[in-house]
Each structure stands twice: as structure tokens, then as C-alpha cells.
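So the mapping is simple: the numbering used here equals the position in the sequence shown, first residue as 1, plus 65.
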Amino acid sequence: MKTTILGYPRIGSQRELKKACEAFWSGKTDKDELLKIASELKKQNWKQQQHLGIDLIPSNDFSFYDQVLDASLTFGCIPKRYQDFDKNNFLELYFAMARGHQKDNKDVTAMEMTKWFDTNYHYIVPEFEKNQHFEFFSKKVVEEYKEALALGIKTKPVLMGPVTFLLLGKEKETGFHKLDLLDKLLPVYYEIITELTNLDVEYIQFDEPCLALNLSQKEREAITTTYKTFHTKFPKLKIYLANYFDCYGENLDMALQLPVDTLHLDLVRCPSQLDDILQSKHYNPKTKLALGLIDGRNIWKNDFEASLKIIKKVTNTINPENLWISASCSLLHTPYDLDLEINLPNEIKQWLAFAKQKLEEITTLKALSSSDNESYLSLFEENKLANLTRKNSKLIHNQLVKERISNLKDADSRRENNFSIRQATQKAALNLPLYPTTTIGSFPQTKEVRSWRLNHKKGILSQEEYNALIAKEIEDSIRFQEDIGLDVLVHGEFERNDMVEYFGEKLNGFAFSAYGWVQSYGSRCVKPPILFGDVSREKPMTVAWSTYAQSLTNIPVKGMLTGPVTILQWSFVRNDQPRATTCNQIALAIRDEVVDLEKNGLKIIQIDEPAIREGLPLRKEDWNHYLNWAVKAFRISASGVKDETQIHTHMCYSEFNDIISNIADMDADVITIETSRSEMELLDAFVNFQYPNEIGPGVYDIHSPRIPTLEEIEALLMKASNVLPNQHIWVNPDCGLKTRDWPETKEALKNLVKAASNLRKKE
Ligand code: GLN
Ligand code: ZN
66 MKTTILGYPR IGSQRELKKA CEAFWSGKTD KDELLKIASE LKKQNWKQQQ HLGIDLIPSN
126 DFSFYDQVLD ASLTFGCIPK RYQDFDKNNF LELYFAMARG HQKDNKDVTA MEMTKWFDTN
186 YHYIVPEFEK NQHFEFFSKK VVEEYKEALA LGIKTKPVLM GPVTFLLLGK EKETGFHKLD
246 LLDKLLPVYY EIITELTNLD VEYIQFDEPC LALNLSQKER EAITTTYKTF HTKFPKLKIY
306 LANYFDCYGE NLDMALQLPV DTLHLDLVRC PSQLDDILQS KHYNPKTKLA LGLIDGRNIW
366 KNDFEASLKI IKKVTNTINP ENLWISASCS LLHTPYDLDL EINLPNEIKQ WLAFAKQKLE
426 EITTLKALSS SDNESYLSLF EENKLANLTR KNSKLIHNQL VKERISNLKD ADSRRENNFS
486 IRQATQKAAL NLPLYPTTTI GSFPQTKEVR SWRLNHKKGI LSQEEYNALI AKEIEDSIRF
546 QEDIGLDVLV HGEFERNDMV EYFGEKLNGF AFSAYGWVQS YGSRCVKPPI LFGDVSREKP
606 MTVAWSTYAQ SLTNIPVKGM LTGPVTILQW SFVRNDQPRA TTCNQIALAI RDEVVDLEKN
666 GLKIIQIDEP AIREGLPLRK EDWNHYLNWA VKAFRISASG VKDETQIHTH MCYSEFNDII
726 SNIADMDADV ITIETSRSEM ELLDAFVNFQ YPNEIGPGVY DIHSPRIPTL EEIEALLMKA
786 SNVLPNQHIW VNPDCGLKTR DWPETKEALK NLVKAASNLR KKE
């Protein structure tokens, strides 16, 4: 039996890569400095895995921004709008594709970004044209292999599999199907594999997580063709085929017949597939199985007893030499190291394992399944005890919360009247112009704002001093919004570190790490709260700042909350009860907050649910169950208020086509969505469905520092007003502005307000 993993976090345990990239982007450091820090991080990761006993260590799992963007560049899949970039200045081209570029007489937008399967990680969407040209352009996969080899480590290079790469991309013109490009793409893989095998590479890991989706016959055939061809052309190459995040499902029979060395199984998301495989007539006992037993998506300690049972069952049929012990998916989605957490309560800490501890779990499981060595047995006992304490802990169970959940009634998830009645009441109460303008909530979290929070935490700033600074920032932002003429204002969220963490810190049932960062997109990281127990709200969480903001102006200010599904989705969630139950607990806490905001005079309340879509199970057969409880939880949170209180929700980076009826079912009075990067394409779903409530399609991309021109915004607005009832349209950016700086924010919002006013004049 051997151990391996699919990938390791790369941002650095102290977010070194984030800092290095941002310093490079702002021109503070040069390329050499960035490359140096990157090499150091790669080296640390490889050495760490080696030290902890991982037998087969991956390479090319590192990335400066995103592994799918890396794949696009590896295959020379570079959209035409970047052709003026000097191909020898690789990093400039790379970051232009990732983030857009607006200097030295160049002005190009970034590539689209979307969520990686059902995670909160975002990847850069490959773009294809009909005559797409591919070539082996970026040699990163080869260079990283050599880099590790120079350190004495013979790695398993990781490549995005060709079918997944194509399926994740987007046709930028009509008249072809992306899968038709496979014939052109495969020769590039041959070239890459040839170079790698010339360097004596033994294993290559091909990531094909599309195997967790409901594939068509044509897509399945593409997989078969690909791996048969690889095997025919490179019979000595050991192909490690990685599927993760769900079952192989109906793709299993096909997968079992592929001429690959190893099939990787995510046994956390899909434990049942093991029996299916062991019983399948298609399973060839020569094919190695990688048992993804350690949860790569969550931070709970593994249950060694349960895992050993599984291993034992497998070794009854399969020679241990044909088994790998592994994590369910890449450890990219877990934080680095629990040892850094000195402030977590010990009772909770003993239930957890971060990436480094997961490496230890993998090697311990291997040891335990083959030896009775005393020291391993004590690790086993320790693990057993930790899991038992967790089950019975008083920290976790709250009887009052459990009762409230069991007393939930249908009426708790319904507003008083239907939307058309509410709309009339709200129009009268709010008296907003046509095409009302607003923002999504946050304003720039400048260095100063962040330093106040840090200094407050360190005790350098007292509570009063900190509050005074935040109050001043809120006042400035209200004045700015008034000055430029926005119709619905926000307080700016300056007091919030993060839209989920902020609420988690105020609710019971959550714990917080100090360094539990996980990459979200590019250099952006999030620190998901650890949702370990029953959730309840002790006292109001946002009322003070929201009412303060409203007291400064006669223009309506939106109360700003994070919705239950998003809080759930962006936390590390307990795995000892159904997610639906945990979600309802959060929904009740948010509902209480919504009601309190209304009581305190807030006429508009936004409940952000950007994560609804990403929570969708990967397999369609599981969708209804999820959507039912998720929509219901949102409705529970939103339905405690009177008709005239306007409930907004906001979503970004979502495809809506296949869930639009459920989105409508959420019954928010207004929904604001991200649409600008896709040129309003994402709006189609709402138009085709004749979405009944009001809607604010984002008119500019906030993930790029580039200032949208008045004409661009007007053009997007015209597009929207051509297809939506004018009475239903709101004008807003794609998302919150916390990652932006004030100068660009001000210019952009002035253009936005002007565009709305120009459009009104046309009426
Ligand atoms: N209200 C939040 C903000 O503006 C919404 C963020 C999000 O959708 N991701 O920051
Ligand atoms: Zn958003």
C-alpha cells in the first residue's frame, strides 16, 4: 500500500503567495522576487509531504493564480484580445488574462471566472473559437517536475485532463461544439507526455472531475478515446486518473474499462462506489484504486476506525500493492496547519485536522492497516477518543434550538402577500425613481480600515476609538453616495472582515481559526468559520451600524445580511447532522436579525445568497432535494417582515438557467446579480423565464481595477431594458466593492449613476 495526494494548498501558511502577487501587481516588487517566493513555497510543500511520508508527491499543483488558467496557457489557448502582449513576458500576459490590464496603452478585460464545481474556489474559464489553435506554450508542468527533481523528489505531475478542460471552457463563437476540439488538443498532450516521459516521469495525474457529472454518451466516448490513445502511444506511462467531488455514477462502467494504472475515488462524497466497483464485472483487479478516505473539503478529524474497516474490506479482495491511501480531493480546499492555531479552544481543536494533519492521517492509516506497532496503536486510540468526545460534547448541543427547528411551520417561510401586492406597497413606501441605483453593500476595505480592525484586535485601539473610526468612515461613505446621487444607500460594511466570518463571530455554534485561510480566487483567500454546533443568535448583530447609517440620511439605507445558505456553504460545516438542519438553524437566527432591522426603521434589507448555486450537488438527481431545503431556508430568513419592507438578495458568479424557477421561488422583492463579464448573457435565464420580481443586472465588473466607461454601462443597460420590463430594473455593479480602491470606485459609480439618469431621460 502506498500514499499519495492530488494536490496541496499553495498560497502559503502565512499567505505568502497572496502578498507576493499583490506586491508584484502594484509594482512594489519585481518578477524575480515573485518567482523566488513561489519556489520557496513549492519547496516547502514538497519537503513537508516527503517528511510526513507521502510516497507519491504531486507537482504542477502550484499556481500563481489558478490551475485552469495554467492549463489554458499550457495548451496555448490564449484569446485573441491578448495578442498584443509580448509572449516572452509571460507573467504580464498571464495576469492580464486573469485580471484585465489597463496601462501602457493597453486596455483589455479579464477572462471570465466561475466556481470550480461545488466549491468556493473560482477558476478562469477557458475560451474557445471555432478554429482554435493549440500548442504546447507554457512549459510549467515540465519545469516544476525538474524543480522538484533537483530537490531529490520524483513527483507525479498533475495535468488537467483534456475532456474536463474542454468541458469547463466556453465557445466564444457559434458553429462548433467544444468537444470537437479534442482532436486538435490531444496532440499537445502527446507532446507534453513525451517531454515528461523523456525525463523519466513514471506517473502523470490527469484530473478529470467531469467524471462526477452526468456525462452524455459523446462525452463519455471522449474520455475513452483519450485514455485509450494515451495508453497506446505511451504504454509504459502510468496514468493516475483522478475523479473527485462525487461518484463516477453512470460513468463508472466506462471508467473501469479504461487502460489506466490508477482510478482515484472520492470515498467521502461517495462511499457507496466502493462496493459498486468491487462487485462490478468490469473491474480489472490490475487497476489500482486510490482510496480517497481523508476529507479534502472539510476540517474534521478522520474516523480511523471507520476508515480501517473500509481498507480491510478492500484488502479482502484486492492486493494491498494495488492500493493508495489518499485524500478525497486536492487539499487545496483545506487550510495549512492546525498547529498554528494557538487560540482555538482545546476541546474543539482535538476534533480537527488541516492539510498537514491530513498528510499525517494518510500515512497513519497506511501504517495502521499494515502493522501493529505500538506507537501507531496509541494514535488510533487518540483518534477514537477525540471522535467520541465530539459526539457527546456539551458545546455542540442546544435543546432550545432543536425545539425551534421542530416547531417550524409552513407559514414561517411565506411573506404576508404575493409579490405584486408587495410591489405596490413598497413603491408607495419607498418612492424610488425608475431604474433605481444602488450598490451591493461593501465599499473599499482600505489598508486603513483593515489596520483599525487589526489594531483593535491587538488592543491598540479601544472599542470607542475603533467605533469612532468606523462611524466616520460610514458617514463619509453616506455623504459620498448622497453626493453622486445614488437612490438606495449602503453603510459600506467597513466593520466586517468577511461577510460570513462577521456573522459567525456573533453567532453561537461557530469557532474561528487564526490562519485557516483557503484560496477563493487568485490572491483572494477566505477563512471559513468552523460551524461545529447548534446555531443561535444571542443579540442583534448589525442593527447598531445600520440604524446609525440610516440616521445620517433621509435616503433609504439597505440593511445588509448574509443568507443562511451562504453562511453554511462558506463555513466548514459539522458532518454529524444533515446540512439542511444546520441551514434552518442559521435561517432562524438571520430571520430574527431581519425582524430587528425592520423594527429599527430599515425599509430595505438585503440578504446575500451568492453561494446558492455553488451548493448545487454535482449530479442532477440530487438537485431537487438540495434546492428545496436551500430555498426554504432563505424564505424562512426573509419572511418575518411586513409587506412594505423590501427584501433584496444578491448572487454572483452563477449560471441561472437550470435553477431559475427555484430562484424565483425564493421570492425576494429584488435580486441583484453578476452579469457584466458575460455581457448580460446570464440575464437570459431571467428573461426567458419571465422572472416576476425586480432585478438588478450588474453593469460593471468589480473584480478588475479597470474603470468602466459611461458608454459601456449604457450599452449594458440598454441591453437589459430591451428585454426586461423597465419598472423592474435596478442599476448596480456586479458585486460588492470591498476589494477595490476609492478612486476607481468613485469614478465607476459616477458613471453608473450618469448612465441610469441618461436612460431615464430616454423614457
Ligand atoms: N454584500 C456583500 C458585499 O458587498 C456581497 C458580497 C458577495 O456577494 N460576495 O461585499
Ligand atoms: Zn457578489
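Positions of the beta carbon are idealized from the N, C-alpha and C atoms, including for glycine. Keep in mind that this is a model prediction, so the values were computed, not measured.
For N816, no beta strand (DSSP E) encloses it; the enclosing alpha helix (DSSP H) starts and ends at W807 to K827. Rounded to whole angstroms, the Cβ separation of I505 and P798 is 6 Å, and the two are in contact under 8 Å. Contiguous beta strand (DSSP E) elements confined to the stretch 627–674 occur at 669–673, taking only those with 3 or more residues. At least one heavy atom of the ligand ZN falls within 7 Å of the beta-carbon of H715. C590 has its Cβ no nearer than 7 Å to any heavy atom of the ligand GLN.
Here the C-alpha atom of S434 lies approximately 24 Å from the C-alpha atom of T454.
Taking all protein chains shown into account, L782 has 16 or more neighbouring C-beta atoms within 10 Å of its C-beta and is therefore buried. Between K219 and A213, the alpha-carbon positions lie close to 7 Å from each other. Sixteen is the threshold: when 16 or more other Cβ atoms of the shown chains lie within 10 Å of the Cβ of K366, as they do, the residue is buried. Each residue's CA atom was taken as its position, placing T399 and K83 some 16 Å apart. In its chain, beyond the 5 residues on either side, H187 and Y188 have a beta carbon closer than 7 Å to the beta carbon of W181.
According to DSSP, R589 shares a beta bridge with Y586.
Looking only at L397, A536 and I736, the smallest Cα-Cα distance to S78 is reached by L397.
Contact between A654 and V600 holds: CB atoms are separated by about 6 Å, below the 8 Å threshold. Counting of Cβ neighbours within 10 angstroms places H713 among the buried residues, the total reaching 16 or more. If you look at W389, you'll find it in the beta strand (DSSP E) that goes L388 to A392. DSSP, read as helix, strand or coil, puts V466 in helix. Remark: the C-beta of P324 is outside contact range of the ligand ZN, defined as less than 7 Å to any heavy atom.
Counted as a single uninterrupted DSSP element, the alpha helix (DSSP H) harbouring Q132 occupies residues Q132 to T139.
Contact between the stretch 632–652 and the stretch 589–605 is present: 3 or more CB-CB pairs across the two stretches fall below 8 Å. For S440, the enclosing alpha helix (DSSP H) stretches over residues E439 to N457. In the structure shown, the three-state DSSP call for T504 is coil. When secondary structure is reduced to three states using DSSP, H166 falls in the strand class.
By the beta-carbon neighbour count (other beta carbons within 10 angstroms, threshold 16), S485 is exposed. With a cut-off of 8 Å on Cβ pairs, the stretch 553–566 is not in contact with the stretch 421–434, counting fewer than three such pairs. In the structure shown, the three-state DSSP call for N381 is helix. As computed with DSSP, H715 is found in a beta bridge with D673 and T737.
Nearest neighbour of P808 by Cα position, chosen from K101, N381 and Q510, turns out to be Q510. Rounded to whole angstroms, the separation of the alpha carbons of G763 and T262 is 48 Å. Counting only runs of 3+ residues, the beta strand (DSSP E) found wholly inside the stretch 145–200 occupies 166–168, 171–173, 178–180 and 187–189, in chain order.
According to the DSSP assignment, A287 belongs to the alpha helix (DSSP H) that extends over Q282 to K298. In this structure, the beta-carbon distance from I543 to L554 falls below 8 Å. DSSP, read as helix, strand or coil, puts G574 in strand. Within the model, the alpha-carbon separation for N196 versus L430 is close to 49 Å. Note on geometry: alpha-carbon atoms of D708 and R656 lie some 15 Å from one another.
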